[in-house]
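With UniProt numbering, the residue at position 24 of the sequence shown is 24, and numbering never jumps. Take a look at the structure below.
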Amino acid sequence: MTTLPDRPNTALLVIDVQNGVVAAAHDRDRVIANIDSLVAKARAEGVAVVWVQHSSDELKRDSDAWQYVPELVRQDSEPLVHKNYGDSFEATELEALLAERGVGRLVVTGAQTDGCIRSTMHGAFTRGYDVTLVGDAHTTEDFSAYGAPPPEQVIAHTNLYWQWQDAPGRRGGTVSTAEVAFTADDAG
């Protein structure tokens, strides 16, 4: 249903599943296992897998913390987008990569729920993409010391509000790993 013309394809986004980002993340191992199974499914179905990798003062490029977790292995043919902002589209080549592949629908996984995941989903949605969040394949660490709710509540709230997102010509949605379908006419 995307508003992007001639963009019938779907891509799986794997956002910031880096050592320093998920070291203390809520339910880390299960979330990474779910992402790994989605990557395998996307590859088996010929769906584009796009990897996103964040850099910042705290996450120095080429450091161990900056590296993707060892459980997830990117294939050389799969694009890697380097970013410096929460929204994976901001000042990156992500839009051009997706346009080349005819992608109008994104399936979103990764970290941090309350930062780069939300920013990227909203960025994609306002750019005309259909955006499906995989509810058990994103995570965040505990920021309750700074006044945030516990991570399980942040994740649950994000899953809840994203399942009802819609706008003219596009839609959001939240599904579980088991419910993900990479066909555009399926809500999951």
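In this text, a Cβ means the ideal position worked out from N, Cα and C, and glycines have one as well.
* Beta-carbon gap between residue 101 and residue 129 smaller than 8 Å -> For this step, residue 101 is matched to residue 101 along the sequence shown. For this step, residue 129 is matched to residue 129 along the sequence shown. No, they are not a contact pair.
* Asked: Helix, strand or coil: how does DSSP classify residue 54 here?
  -> For the purposes of this step, residue 54 is identified with residue 54 of the sequence shown, where counting begins at 1. Residue 54 falls in the strand class under three-state DSSP.
* What residue from 166, 81 and 53 has the CA that sits closest to residue 125's CA? -> Locating residue 125 in the sequence shown gives position 125, counting from the first residue. Answer by Cα proximity: 166.
* **CA-to-CA distance, residue 58 to residue 42, given in whole angstroms** => Taking the sequence shown and counting its residues from 1, the one referred to as residue 42 is at position 42. Taking the sequence shown and counting its residues from 1, the one referred to as residue 58 is at position 58. Computed Cα separation, rounded: 31 Å.
* Asked: Of the residues 1, 66 and 73, which one's Cα is nearest the Cα of residue 32?
  -> Position 32 of the sequence shown, counted from the start, is the residue given in the question as residue 32. The shortest Cα separation from residue 32 among 1, 66 and 73 belongs to 73.
* To do: Compare the C-alpha of residue 118 against each of 171, 154 and 6 and name the closest.
  => Residue mapping note: residue 118 aligns to position 118 of the sequence shown, counting from 1. Of the candidates 171, 154 and 6, the one whose C-alpha sits nearest the C-alpha of residue 118 is 154.
* To do: For residue 187, I'd like the list of residues in its chain whose CB is within less than 7 Å of its CB, leaving aside the five on either flank, ordered along the chain.
  => The residue labelled residue 187 in the question sits at position 187 within the sequence shown. Because residue 187 sits at a pLDDT of 47, beneath the cut-off of 50, its placement in the model cannot be relied upon, and the point is left open.
* So what's residue 7 in DSSP terms, helix, strand or just coil? -> Working through the sequence shown from its first residue, we reach residue 7 at position 7. Here residue 7 sits in coil by DSSP.
* Taking C-alpha atoms, which residue in 45, 27 and 78 lies nearest to residue 156? -> Residue mapping note: residue 156 aligns to position 156 of the sequence shown, counting from 1. When only C-alpha atoms are compared, the closest one is 27.
* Quick one, are the C-beta atoms of residue 24 and residue 141 less than 8 Å apart? -> The sequence position of residue 24 within the sequence shown is 24, counting from 1. The sequence position of residue 141 within the sequence shown is 141, counting from 1. It is a contact, given that the beta carbons lie within the stated cut-off.
* Asked: Which runs of the alpha helix (DSSP H), 4 residues or longer, sit entirely within the UniProt domain "Isochorismatase-like" (10–140)?
  -> 19–22, 28–44, 94–100 and 118–126
* Asked: Excluding sequence positions up to five away, which residues of its chain have a Cβ less than 7 Å from the Cβ of residue 61?
  -> On the sequence shown, position 61 is the one that residue 61 refers to. Answer for residue 61: 55, listed in chain order.
* **Where residue 167 sits in the DSSP three-state scheme** => Mapped onto the sequence shown, residue 167 falls at position 167. Reduced to three states, the DSSP call for residue 167 is strand.
* What number of angstroms, rounded off, separates the C-alpha of residue 20 from the C-alpha of residue 131? -> Position 20 of the sequence shown, counted from the start, is the residue given in the question as residue 20. Position 131 of the sequence shown, counted from the start, is the residue given in the question as residue 131. Whole-angstrom Cα-Cα distance: 26 Å.
* Asked: Any idea what DSSP makes of residue 206, helix, strand or coil?
  -> In the structure as shown, the chain starts at 1 and stops at 188, and residue 206 therefore has no counterpart that could be examined.
* Beta-bridge partners of residue 174, as assigned by DSSP -> For the purposes of this step, residue 174 is taken as the residue at position 174 of the sequence shown. 133.
* To do: Kindly indicate which three-state DSSP category residue 186 falls into: helix, strand or coil?
  => For the purposes of this step, residue 186 is identified with residue 186 of the sequence shown, where counting begins at 1. For residue 186, the pLDDT reaches just 48, beneath the cut-off of 50, and the residue's location in the model is therefore unreliable, leaving the point undetermined.
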